[in-house]
Structure formats: structure tokens, C-alpha cells
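Everything on this sheet refers to the single structure shown next.
As C-alpha cells, then:
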């Protein structure tokens, strides 16, 4: 619904409801309530509507929402007191016009003070609802803006992965062109399959675990052509893992990092073990273990100009899952490097 339409609808319903309650209470009195008094209450409701609308204009004109809290409270109280006095004057004038003014009763101090108090309560309620609506509306707008910014950053991070992968894959094929043309052709076919899949998944925040795992299998089969017997691959995948979703190319990036910084640096090659299991609280635990040694902890902060690999993975996890995902990489006791990721089952923290 349009905000302006919603505002006027709430104004009419709010002050109209107060007038109807006053009419209902008046009808319960011993003397009852006549048509003239009903009309007077409706006119008073219209006055309150216009008065608060004018106050809204003042609030927006002088940007009260930017005031510090103590000053905002002070100005709001003073505004409500001023409106309450004007409301009493309006009641007297309305009663005078409609011939329902009773000077002996209406000008008593207690009656005026009671009228001021009731008017102040009504305006205080209006202030509270108006500022609450404005706060919630701004908060919702901020969330949408933050989600949009996160989506832009996430798309930027995803856009870095494809050229990074293509570069490494082409390097693998280049090493095969001269020594084994048939294997090079097979490698090119697998690269085309992986690239076709990555292009199809480019616009998705998360994909099915099975689709991501299939891409990893293709990638490792591609690498096994280059490394031959120097590369051993072991999969330990629980069935429950297939019910989860992953950011596209995330697992592939971790495996690629294990090949580049682990297996390729060992003369005899080594082992890549991929283990996926479900935790006790509907979390997916992914562990990639590779032969090698982590000499210095890698930087997990985004690099100037973009950066790739693990820093990219950590940033994507943070954008999509917030604090519900975790990432760590460390040396095990038996000359292996282990990369562990925890991913919640819920898909994402924001919608596009």
C-alpha cells in the first residue's frame, strides 16, 4: 500500500475511533447524547486530525528525527502540551458554535485540567505510534538497502571465481598438450562441462550439494589426468549431506586450494579426502584434508583489488550466512592440512 494512503487511512481510523468511543460513552450517560453533541465530537475529531497532520509537517520540515534523544523528548512534550491547550480552546469554540457550551461547568479548573490531561494522552499516543511507524519503516528500508549491498558484494565475489578457475584449468591443460594430446582433449571436454555448469549457476546464491559435489568430481578427475598416480582421492559423504545447499564453487575452491598449495608441492603427490556429515543441530560439516603442511596461516581477509581463494570463501560465507557459518584451516598431527566449514541448513539471511 502507498505510504501516503496508509498514513491518511490510519489518521482517519484513529481519530474516528476515538470519536466513536466518546459517542458510545456519552450514550451511556443518564442524559444520553444528542445529534448536536455527536456532530461536535466528529468536528473535534476532524480538528485533531488536522492538528496532528500540521504537527507531522513541522516534524518533517525541521527534521526532528535527526535530533538527539533528550532534545527530541523535550520538543515532543512541549508540542503535546501546546496541542493540548489548543485542543481545549477548540472544544470551547465548538461547544459555543453548536450551542452546547455550559460556562459554569466547562470553565471549572478541574474540568479544564482533566481535558488537558486527556488531550495530552491522546497526542502522546499519536506521537508514540507515529515515531514507532517511522522507526520501523526506516529499519525495514535499511534492511533492504543492506541486503542489496550484500547482494552486489556477493555477485562481485562470485564473478571473481570463474576467471580464476579458468586460468588454473587452462594451465593444467597446457601441461598436457605436448606430452599427451589425447589426455589434453579429455581435459578440455571436462573443462567445458565445468564451465557450462558454472555459467548456469552464476545467478544463484546457493545450489544443491549434489550439483556442487559433481563439479568437484569433474575437477578432481581433470587434475588426476595431470597428476596421474600422484593424486589419490577419497570421498566420505553421508546421505544427509545431499539435503543441504552450498554457495556455488565454494567446495571446488577449497579443493583447488588443496591441490595448488598441497599436492602440487609434493614430489610424491598425496591424498585429497573430502568428508561431509550432518551435525547435531542441522548443520553441514565439510572437511577437506590434503597431504602437506601449513607453514603460515593464510590471510582470510579480502585482498586489495579483490583477492581469490580462501578469503573469497570466507567473505561469501559471511555475506550469506552471517555468524551461523564458520571456517578454519589447520595442520593435523599426521602431516595433513585440514580445512573445515560449517554451514547451516537454512538457505540465506536475505532475499533478493
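In the working numbering, the protein residues as written are 1 to 352. Beta carbons: idealized from backbone N, C-alpha and C, even for Gly. Keep in mind it's a predicted model, so treat the numbers as computed, not measured.
Compute the distance between the beta-carbons of residue i and residue j, then report whether it is under 8 Å.
{"i": "residue 255", "j": "residue 285", "result": "no"}
{"i": "residue 257", "j": "residue 271", "result": "no"}
{"i": "residue 320", "j": "residue 205", "result": "yes"}
{"i": "residue 207", "j": "residue 246", "result": "yes"}
{"i": "residue 253", "j": "residue 215", "result": "no"}
{"i": "residue 217", "j": "residue 176", "result": "no"}
{"i": "residue 250", "j": "residue 196", "result": "no"}
Using the Cα positions of residue i and residue j, report the straight-line distance between them to the nearest angstrom.
{"i": "residue 105", "j": "residue 112", "result": "9 Å"}
{"i": "residue 5", "j": "residue 126", "result": "17 Å"}
{"i": "residue 331", "j": "residue 341", "result": "15 Å"}
{"i": "residue 260", "j": "residue 333", "result": "21 Å"}
{"i": "residue 230", "j": "residue 269", "result": "4 Å"}
{"i": "residue 323", "j": "residue 282", "result": "15 Å"}
{"i": "residue 19", "j": "residue 25", "result": "10 Å"}
{"i": "residue 22", "j": "residue 76", "result": "26 Å"}
{"i": "residue 73", "j": "residue 130", "result": "14 Å"}
{"i": "residue 15", "j": "residue 8", "result": "11 Å"}
{"i": "residue 107", "j": "residue 2", "result": "44 Å"}
{"i": "residue 28", "j": "residue 38", "result": "13 Å"}
{"i": "residue 344", "j": "residue 335", "result": "29 Å"}
{"i": "residue 329", "j": "residue 339", "result": "4 Å"}
{"i": "residue 180", "j": "residue 311", "result": "35 Å"}
{"i": "residue 71", "j": "residue 327", "result": "46 Å"}
{"i": "residue 101", "j": "residue 57", "result": "32 Å"}
{"i": "residue 292", "j": "residue 228", "result": "18 Å"}
{"i": "residue 10", "j": "residue 33", "result": "27 Å"}
{"i": "residue 96", "j": "residue 115", "result": "16 Å"}
{"i": "residue 12", "j": "residue 244", "result": "49 Å"}
{"i": "residue 224", "j": "residue 287", "result": "20 Å"}
{"i": "residue 124", "j": "residue 318", "result": "42 Å"}
{"i": "residue 264", "j": "residue 240", "result": "32 Å"}
{"i": "residue 66", "j": "residue 128", "result": "16 Å"}
{"i": "residue 61", "j": "residue 31", "result": "46 Å"}
{"i": "residue 173", "j": "residue 262", "result": "19 Å"}
{"i": "residue 178", "j": "residue 170", "result": "14 Å"}
{"i": "residue 248", "j": "residue 135", "result": "36 Å"}
{"i": "residue 17", "j": "residue 68", "result": "33 Å"}
{"i": "residue 307", "j": "residue 182", "result": "Because the pLDDT at residue 307 is just 42, under 50, the model does not fix this residue reliably, and the point stays unresolved."}
{"i": "residue 46", "j": "residue 35", "result": "17 Å"}
{"i": "residue 93", "j": "residue 109", "result": "17 Å"}
{"i": "residue 189", "j": "residue 325", "result": "35 Å"}
{"i": "residue 59", "j": "residue 103", "result": "36 Å"}
Can you find a C-beta in chain D that's less than 8 Å from the C-beta of residue i?
{"i": "residue 127", "result": "Protein chain content of the structure displayed is limited to a single chain, and chain D is not contained in it."}
Taking 7 Å as the cut-off, does the CB of residue i come closer than this to any heavy atom belonging to the ligand NAD?
{"i": "residue 129", "result": "No copy of the ligand NAD occurs in the structure displayed, which carries no ligand at all."}
I believe residue i touches residue j by the beta-carbon criterion, under 8 Å. Please report the beta-carbon distance rounded to the nearest angstrom.
{"i": "residue 187", "j": "residue 213", "result": "Actually they are not in contact, since the Cβ atoms of residue 187 and residue 213 sit about 20 Å apart, beyond 8 Å."}
{"i": "residue 267", "j": "residue 294", "result": "Not confirmed; about 18 Å, so no contact."}
{"i": "residue 40", "j": "residue 98", "result": "5 Å"}
{"i": "residue 90", "j": "residue 55", "result": "At roughly 14 Å, the Cβ-Cβ gap does not stay under 8 Å, so residue 90 and residue 55 are not in contact."}
{"i": "residue 353", "j": "residue 210", "result": "In the structure as shown, the chain starts at 1 and stops at 352, and residue 353 therefore has no counterpart that could be examined."}
With contact counted as at least three CB pairs below 8 Å, one residue from each stretch, are the stretch 263 to 277 and the stretch 220 to 238 in contact? yes
Report yes or no: do three or more beta-carbon pairs, one from the stretch 83 to 100 and one from the stretch 42 to 57, lie closer than 8 Å? yes
With a floor of 3 residues, list each beta strand (DSSP E) that falls wholly inside the stretch 197 to 255, ordered by position along the chain. Here the runs fully enclosed are 231 to 237.
Just checking, does the stretch 72 to 84 make contact with the stretch 107 to 123 on the three C-beta pairs under 8 Å criterion? With the rule of 3 Cβ pairs closer than 8 Å, the stretch 72 to 84 counts as touching the stretch 107 to 123.
Could you give the uninterrupted runs of the beta strand (DSSP E) lying entirely in the stretch 15 to 45, keeping only those of 3 residues or more? none
Quick check on the DSSP output: what are the complete beta strand (DSSP E) runs of length 3 or more inside the stretch 81 to 150, in order along the chain? Counting only runs of 3 or more, we get nothing.
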